[in-house]
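In the working numbering, the protein residues as written are 415 to 529.
Given below as structure tokens:
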């Protein structure tokens, strides 16, 4: 899922800070050392660098916990299981607010066997 990092940077260079809709089992907001970015830290770094607007971003299907959400709205996996698809769609639209939005899927959100 780390392939998202350079794509986010490229889109933000053109459009400015992006809203993000991320379907994932993990938040990908773990701290990094400031030099190396990886699949577990790229979202946090993108917020720090102004690539992602956390107030307009949402993560859906999260099943783990990281120390910092960076202000990104989270719909945890256990919550999503109880929601209608239309409610999830409304939550996405409400959060992104018509902004330029980067949409990303990690397979582990859909199938825990790949988490």
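No residue lacks a Cβ here, since even glycine has one placed at the ideal position from N, Cα and C.
Straight-line CA distance for residue i to residue j?
i	j	result
residue 449	residue 511	33 Å
residue 468	residue 460	9 Å
residue 481	residue 454	12 Å
residue 423	residue 415	14 Å
residue 435	residue 474	8 Å
residue 429	residue 420	14 Å
residue 523	residue 494	11 Å
residue 499	residue 452	31 Å
residue 515	residue 425	9 Å
Is the separation between the beta-carbon of residue i and that of residue j shorter than 8 Å?
i	j	result
residue 501	residue 438	no
residue 458	residue 484	yes
residue 513	residue 487	no
Between which two residues does the alpha helix (DSSP H) harbouring residue i extend?
i	result
residue 457	456-462
residue 433	Counting along the chain, residue 433 falls outside any alpha helix (DSSP H), though it belongs to the beta strand (DSSP E) covering 433-437.
residue 443	Looking at the DSSP string, residue 443 is not in any alpha helix (DSSP H), and its letter there is neither H nor E.
residue 466	Careful: residue 466 lies outside any alpha helix (DSSP H) and carries neither H nor E.
residue 423	418-429
Between residue i and residue j, how many whole angstroms is the CB-CB distance? I'm expecting something under 8 Å.
i	j	result
residue 517	residue 505	Between residue 505 and residue 517 the Cβ distance is about 14 Å, and since that is not below 8 Å, they are no contact.
residue 470	residue 491	Not quite, the Cβ-Cβ distance comes to about 22 Å (not below 8 Å), so this is no contact.
residue 456	residue 442	6 Å
residue 466	residue 432	6 Å
- Curious, which full-length beta strand (DSSP E) runs of at least 3 residues does the segment 472-529 contain? You should have 472-476, 487-490, 515-519.
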